[in-house]
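Quick notes on the structure that follows.
Residue numbers (our numbering): 16 to 297.
Shown next, in the form of C-alpha coordinates:
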(Lines of atoms letter the chains of each structure in order from A and count residues from 1; the text may use other names and numbers.)
(Lines give C-alpha, C1' and ligand atoms only; values in the text may rest on other atoms or scores of the structure.)
Protein backbone atom coordinates (compact mmCIF):
# COMPACT_ATOMS: atom_id res chain seq x y z
CA UNK A 1 0.00 0.00 0.00
CA UNK A 2 1.40 3.36 -0.97
CA UNK A 3 1.77 5.96 1.78
CA UNK A 4 -0.40 9.07 1.54
CA UNK A 5 0.36 12.62 2.51
CA UNK A 6 -1.28 13.75 5.72
CA UNK A 7 -2.91 16.79 4.13
CA UNK A 8 -4.08 17.55 0.63
CA UNK A 9 -4.60 21.14 -0.50
CA UNK A 10 -5.73 22.25 -3.92
CA UNK A 11 -2.86 23.47 -6.09
CA UNK A 12 -3.09 27.18 -6.96
CA UNK A 13 -2.36 28.94 -10.20
CA UNK A 14 -0.82 32.37 -9.71
CA UNK A 15 -1.92 35.43 -11.62
CA UNK A 16 -0.45 38.86 -11.88
CA UNK A 17 -1.21 41.15 -8.95
CA UNK A 18 -2.90 44.46 -9.49
CA UNK A 19 -0.39 47.34 -9.61
CA UNK A 20 0.40 48.57 -6.15
CA UNK A 21 -1.57 45.83 -4.41
CA UNK A 22 1.43 44.71 -2.34
CA UNK A 23 0.22 41.13 -2.39
CA UNK A 24 0.46 38.33 -4.90
CA UNK A 25 -3.00 37.23 -6.01
CA UNK A 26 -3.73 33.55 -6.70
CA UNK A 27 -6.64 31.57 -8.09
CA UNK A 28 -7.00 29.11 -5.23
CA UNK A 29 -9.29 28.03 -2.45
CA UNK A 30 -8.27 30.21 0.53
CA UNK A 31 -6.34 28.25 3.16
CA UNK A 32 -4.73 29.43 6.37
CA UNK A 33 -1.51 27.47 5.91
CA UNK A 34 1.10 27.33 3.14
CA UNK A 35 2.17 24.13 1.49
CA UNK A 36 5.42 22.82 2.93
CA UNK A 37 8.59 21.86 1.07
CA UNK A 38 11.18 19.92 3.07
CA UNK A 39 14.52 21.55 2.23
CA UNK A 40 16.85 18.65 1.30
CA UNK A 41 14.54 16.31 3.21
CA UNK A 42 13.80 16.13 6.93
CA UNK A 43 17.13 17.73 7.76
CA UNK A 44 16.28 18.33 11.40
CA UNK A 45 16.48 14.59 12.00
CA UNK A 46 18.40 13.10 9.09
CA UNK A 47 21.41 13.96 6.92
CA UNK A 48 20.52 16.21 4.02
CA UNK A 49 19.80 14.91 0.52
CA UNK A 50 19.69 11.28 1.62
CA UNK A 51 17.09 8.64 0.84
CA UNK A 52 16.46 8.31 4.56
CA UNK A 53 15.78 12.01 5.04
CA UNK A 54 13.67 12.42 1.91
CA UNK A 55 11.49 9.42 2.74
CA UNK A 56 11.06 10.70 6.29
CA UNK A 57 9.91 14.07 4.96
CA UNK A 58 7.24 12.44 2.81
CA UNK A 59 6.07 10.34 5.74
CA UNK A 60 5.96 13.42 7.99
CA UNK A 61 3.46 15.20 5.74
CA UNK A 62 5.51 17.42 3.43
CA UNK A 63 3.66 18.40 0.28
CA UNK A 64 7.00 18.79 -1.46
CA UNK A 65 10.65 17.90 -1.07
CA UNK A 66 13.61 19.75 -2.54
CA UNK A 67 16.85 17.99 -3.43
CA UNK A 68 20.06 19.01 -5.16
CA UNK A 69 21.93 17.41 -8.05
CA UNK A 70 25.60 17.51 -8.96
CA UNK A 71 27.24 15.35 -11.63
CA UNK A 72 29.74 12.51 -11.38
CA UNK A 73 32.82 12.01 -13.52
CA UNK A 74 30.76 9.86 -15.88
CA UNK A 75 28.02 12.49 -16.17
CA UNK A 76 25.49 10.80 -13.89
CA UNK A 77 23.28 12.90 -11.59
CA UNK A 78 24.05 12.45 -7.88
CA UNK A 79 21.94 13.79 -5.01
CA UNK A 80 24.25 16.18 -3.16
CA UNK A 81 24.35 19.94 -2.64
CA UNK A 82 28.06 20.77 -2.49
CA UNK A 83 30.57 20.24 -5.31
CA UNK A 84 32.78 18.26 -2.90
CA UNK A 85 32.27 15.58 -0.24
CA UNK A 86 33.78 17.23 2.83
CA UNK A 87 30.72 18.60 4.60
CA UNK A 88 28.75 15.35 4.42
CA UNK A 89 31.72 13.33 5.68
CA UNK A 90 32.43 11.48 2.45
CA UNK A 91 36.02 12.56 1.84
CA UNK A 92 37.80 15.54 0.34
CA UNK A 93 37.30 14.82 -3.36
CA UNK A 94 35.21 16.78 -5.82
CA UNK A 95 32.00 15.05 -6.88
CA UNK A 96 32.99 15.31 -10.54
CA UNK A 97 36.28 13.49 -9.83
CA UNK A 98 34.52 10.21 -8.99
CA UNK A 99 32.23 7.85 -10.89
CA UNK A 100 28.65 7.25 -9.81
CA UNK A 101 29.55 3.81 -8.47
CA UNK A 102 32.41 5.26 -6.43
CA UNK A 103 30.15 7.98 -5.05
CA UNK A 104 27.53 5.44 -4.00
CA UNK A 105 30.12 3.94 -1.66
CA UNK A 106 30.85 7.24 0.07
CA UNK A 107 29.39 8.11 3.50
CA UNK A 108 26.81 10.90 3.62
CA UNK A 109 25.95 10.90 7.33
CA UNK A 110 27.08 14.45 8.20
CA UNK A 111 29.21 13.47 11.23
CA UNK A 112 29.64 17.10 12.30
CA UNK A 113 25.90 17.24 12.98
CA UNK A 114 25.06 13.66 13.87
CA UNK A 115 28.28 12.00 15.00
CA UNK A 116 28.23 8.27 14.18
CA UNK A 117 24.45 7.93 14.19
CA UNK A 118 24.20 7.70 10.40
CA UNK A 119 27.60 6.20 9.64
CA UNK A 120 26.00 3.59 7.35
CA UNK A 121 24.19 6.15 5.19
CA UNK A 122 25.60 6.54 1.69
CA UNK A 123 25.23 8.96 -1.20
CA UNK A 124 22.48 8.10 -3.67
CA UNK A 125 22.11 8.57 -7.37
CA UNK A 126 19.16 10.54 -8.67
CA UNK A 127 17.63 7.48 -10.37
CA UNK A 128 17.17 5.46 -7.18
CA UNK A 129 16.03 8.56 -5.31
CA UNK A 130 13.35 9.33 -7.89
CA UNK A 131 12.18 5.71 -7.86
CA UNK A 132 11.83 5.83 -4.07
CA UNK A 133 9.89 9.11 -4.03
CA UNK A 134 7.49 7.89 -6.71
CA UNK A 135 5.87 5.85 -3.90
CA UNK A 136 4.21 9.12 -2.78
CA UNK A 137 2.35 10.15 -5.94
CA UNK A 138 0.95 13.36 -4.42
CA UNK A 139 4.39 14.55 -3.32
CA UNK A 140 5.90 17.30 -5.49
CA UNK A 141 9.61 16.67 -6.03
CA UNK A 142 11.69 19.80 -6.71
CA UNK A 143 15.02 18.80 -8.27
CA UNK A 144 17.59 21.60 -8.32
CA UNK A 145 20.28 21.22 -10.96
CA UNK A 146 23.57 22.70 -9.78
CA UNK A 147 25.80 24.13 -12.50
CA UNK A 148 28.66 25.64 -10.47
CA UNK A 149 31.11 22.94 -11.63
CA UNK A 150 29.34 21.90 -14.84
CA UNK A 151 31.08 22.87 -18.12
CA UNK A 152 28.63 24.53 -20.48
CA UNK A 153 29.28 22.01 -23.26
CA UNK A 154 28.10 19.20 -20.96
CA UNK A 155 24.86 20.89 -20.01
CA UNK A 156 22.54 19.36 -22.67
CA UNK A 157 23.68 15.80 -21.95
CA UNK A 158 23.48 16.30 -18.19
CA UNK A 159 19.97 17.76 -18.34
CA UNK A 160 18.94 14.79 -20.46
CA UNK A 161 20.41 12.46 -17.81
CA UNK A 162 18.42 14.23 -15.09
CA UNK A 163 15.16 13.86 -17.00
CA UNK A 164 15.84 10.19 -17.69
CA UNK A 165 16.63 9.53 -14.03
CA UNK A 166 13.43 11.30 -12.96
CA UNK A 167 11.17 9.33 -15.32
CA UNK A 168 9.49 7.43 -12.43
CA UNK A 169 8.25 10.73 -11.01
CA UNK A 170 6.12 11.73 -13.98
CA UNK A 171 4.13 14.86 -13.11
CA UNK A 172 5.56 14.91 -9.58
CA UNK A 173 8.74 16.45 -11.00
CA UNK A 174 9.56 20.16 -10.96
CA UNK A 175 13.02 20.96 -12.32
CA UNK A 176 14.52 24.05 -10.70
CA UNK A 177 17.72 26.03 -11.21
CA UNK A 178 19.32 29.45 -10.96
CA UNK A 179 20.52 28.92 -14.55
CA UNK A 180 18.12 29.91 -17.32
CA UNK A 181 19.84 27.63 -19.82
CA UNK A 182 19.07 24.56 -17.68
CA UNK A 183 15.35 25.33 -17.70
CA UNK A 184 15.33 26.17 -21.41
CA UNK A 185 17.16 22.96 -22.28
CA UNK A 186 14.86 20.86 -20.11
CA UNK A 187 11.70 22.30 -21.65
CA UNK A 188 13.07 21.72 -25.15
CA UNK A 189 13.52 18.05 -24.26
CA UNK A 190 10.21 17.50 -22.48
CA UNK A 191 7.06 19.36 -23.41
CA UNK A 192 4.89 20.27 -20.45
CA UNK A 193 7.68 19.89 -17.90
CA UNK A 194 7.11 22.03 -14.82
CA UNK A 195 10.04 24.26 -13.93
CA UNK A 196 11.11 26.57 -11.13
CA UNK A 197 13.42 29.56 -11.29
CA UNK A 198 15.53 30.43 -8.23
CA UNK A 199 16.15 34.17 -7.91
CA UNK A 200 19.57 35.76 -7.65
CA UNK A 201 18.01 39.08 -6.60
CA UNK A 202 14.83 41.10 -7.05
CA UNK A 203 15.94 43.64 -9.63
CA UNK A 204 14.16 44.54 -12.86
CA UNK A 205 16.42 42.36 -15.01
CA UNK A 206 15.66 39.31 -12.89
CA UNK A 207 11.94 40.00 -13.16
CA UNK A 208 12.23 40.31 -16.93
CA UNK A 209 14.05 36.97 -17.13
CA UNK A 210 11.26 35.30 -15.17
CA UNK A 211 8.62 36.82 -17.42
CA UNK A 212 10.45 35.49 -20.48
CA UNK A 213 11.01 32.03 -19.00
CA UNK A 214 7.50 31.72 -17.56
CA UNK A 215 8.42 29.15 -14.91
CA UNK A 216 5.72 27.40 -12.91
CA UNK A 217 7.42 28.32 -9.62
CA UNK A 218 9.70 31.14 -8.47
CA UNK A 219 11.95 30.53 -5.45
CA UNK A 220 12.94 33.51 -3.31
CA UNK A 221 15.39 33.58 -0.41
CA UNK A 222 13.81 35.33 2.58
CA UNK A 223 16.97 37.46 2.80
CA UNK A 224 16.14 39.05 -0.56
CA UNK A 225 12.85 40.52 0.61
CA UNK A 226 12.72 44.20 1.60
CA UNK A 227 12.93 44.58 5.37
CA UNK A 228 9.58 44.77 7.09
CA UNK A 229 7.45 43.62 4.14
CA UNK A 230 7.78 39.90 3.55
CA UNK A 231 5.56 40.19 0.48
CA UNK A 232 6.54 39.19 -3.05
CA UNK A 233 7.78 42.26 -4.89
CA UNK A 234 6.09 41.42 -8.18
CA UNK A 235 3.36 39.17 -9.46
CA UNK A 236 3.45 36.72 -12.31
CA UNK A 237 1.92 33.57 -13.74
CA UNK A 238 3.69 31.29 -11.30
CA UNK A 239 3.55 30.10 -7.71
CA UNK A 240 5.84 31.75 -5.17
CA UNK A 241 8.14 29.76 -2.88
CA UNK A 242 10.05 31.37 0.00
CA UNK A 243 12.97 29.74 1.82
CA UNK A 244 14.27 28.92 4.42
CA UNK A 245 11.47 29.44 6.97
CA UNK A 246 11.56 27.55 10.27
CA UNK A 247 9.04 29.37 12.48
CA UNK A 248 5.33 28.49 12.13
CA UNK A 249 4.08 32.03 12.68
CA UNK A 250 6.48 33.44 10.10
CA UNK A 251 5.29 30.80 7.64
CA UNK A 252 1.66 31.82 8.23
CA UNK A 253 2.50 35.51 7.83
CA UNK A 254 4.34 34.95 4.56
CA UNK A 255 1.46 32.86 3.27
CA UNK A 256 -1.01 35.64 4.09
CA UNK A 257 1.24 38.05 2.21
CA UNK A 258 1.18 35.95 -0.94
CA UNK A 259 3.64 33.06 -0.79
CA UNK A 260 2.07 29.78 -1.85
CA UNK A 261 4.81 27.47 -0.58
CA UNK A 262 7.30 27.61 2.29
CA UNK A 263 10.57 25.70 2.10
CA UNK A 264 11.71 24.71 5.57
CA UNK A 265 14.54 23.10 7.47
CA UNK A 266 12.22 22.32 10.39
CA UNK A 267 9.50 20.30 8.73
CA UNK A 268 8.23 18.69 11.94
CA UNK A 269 7.51 22.01 13.64
CA UNK A 270 5.77 23.55 10.64
CA UNK A 271 3.78 20.40 9.87
CA UNK A 272 2.60 20.17 13.48
CA UNK A 273 1.47 23.80 13.41
CA UNK A 274 -0.22 23.31 10.05
CA UNK A 275 -2.15 20.28 11.27
CA UNK A 276 -3.28 21.99 14.49
CA UNK A 277 -6.62 23.80 14.00
CA UNK A 278 -6.32 27.55 14.42
CA UNK A 279 -8.78 28.87 17.04
CA UNK A 280 -11.43 31.20 15.58
CA UNK A 281 -10.85 34.89 16.10
CA UNK A 282 -13.27 36.28 18.76
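Glycine included, each C-beta is placed from N, C-alpha and C at the ideal position.
A contact between stretches requires three or more CB pairs, one per stretch, nearer than 8 Å, and the region 74–89 meets this requirement with the region 146–155.
Looking from the CA of residue 115, the closest CA among 124, 138, 132 and 185 belongs to 138. For the 7 Å CB-CB criterion, residue 263 and residue 285 form a contact. Looking at the DSSP output, residue 155 shares a beta bridge with 79. DSSP places residue 190 within a strand segment (E or B) once states are collapsed to three. When only Cα atoms are considered, residue 135 and residue 67 end up about 11 Å apart. Residue 203 is not a Cβ neighbour of residue 160, given a cutoff of 7 Å. In the displayed model, residue 85 falls within a strand according to three-state DSSP. DSSP links residue 197 through a beta bridge to no other residue.
Per DSSP, residue 235 lies in no alpha helix (DSSP H) segment; the continuous beta strand (DSSP E) that holds it begins and ends at 232–236. Annotation: the continuous alpha helix (DSSP H) that includes residue 144 extends over 141–148.
Taking a 10 Å sphere around the C-beta of residue 167, we find fewer than 16 other C-beta atoms and assign the residue as exposed.
The three-state reading of DSSP puts residue 74 in helix, counting H, G and I together.
The secondary-structure analysis by DSSP pairs residue 210 across a beta bridge with 190.
Under a 10 Å Cβ-count criterion, residue 55 is classified as buried, with 16 or more other Cβ atoms of the shown protein chains found around its own Cβ. Per DSSP, residue 171 is one residue of the alpha helix (DSSP H) stretching across 170–180.
Remark: fewer than three beta-carbon pairs, one from each stretch, lie closer than 8 Å, so the region 103–118 and the region 172–182 are not flagged as touching.
Beyond the five residues adjoining it in sequence on each side, residue 164 comes within less than 6 Å, by CB distance, of 98 and 111 in the same chain, given in chain order. A direct Cα-to-Cα measurement between residue 283 and residue 128 gives close to 18 Å. Annotated as distal: residue 94 and residue 162, with beta-carbon spacing of 7 Å or more.
Here residue 57 really is in contact with residue 72; their C-beta atoms are around 4 Å apart, less than 8 Å. Excluding its 5 nearest sequence neighbours in each direction, residue 277 has C-beta neighbours in its own chain below 8 Å: 49, 50, 51, 52, 256, 257, 258, 260, 266, 269, 270 and 285, listed in chain order. Note on residue 148: 16 or more other CB atoms within 10 angstroms of its CB, so buried under the neighbour-count rule. In terms of Cα proximity to residue 231, the closest of 96, 252, 185 and 65 is 252. Of the candidates 238, 195 and 169, 169 places its Cα closest to the Cα of residue 85. The residue from 240, 222 and 208 with its alpha-carbon nearest to that of residue 157 is 208. Residue pairing by DSSP puts residue 109 in a beta bridge opposite 99.
Scanning 223, 140 and 237 for the CA closest to the CA of residue 117 turns up 140. The C-beta distance from residue 124 to residue 280 rounds to 17 Å, too long to fall under 8 Å, and the pair is not in contact.
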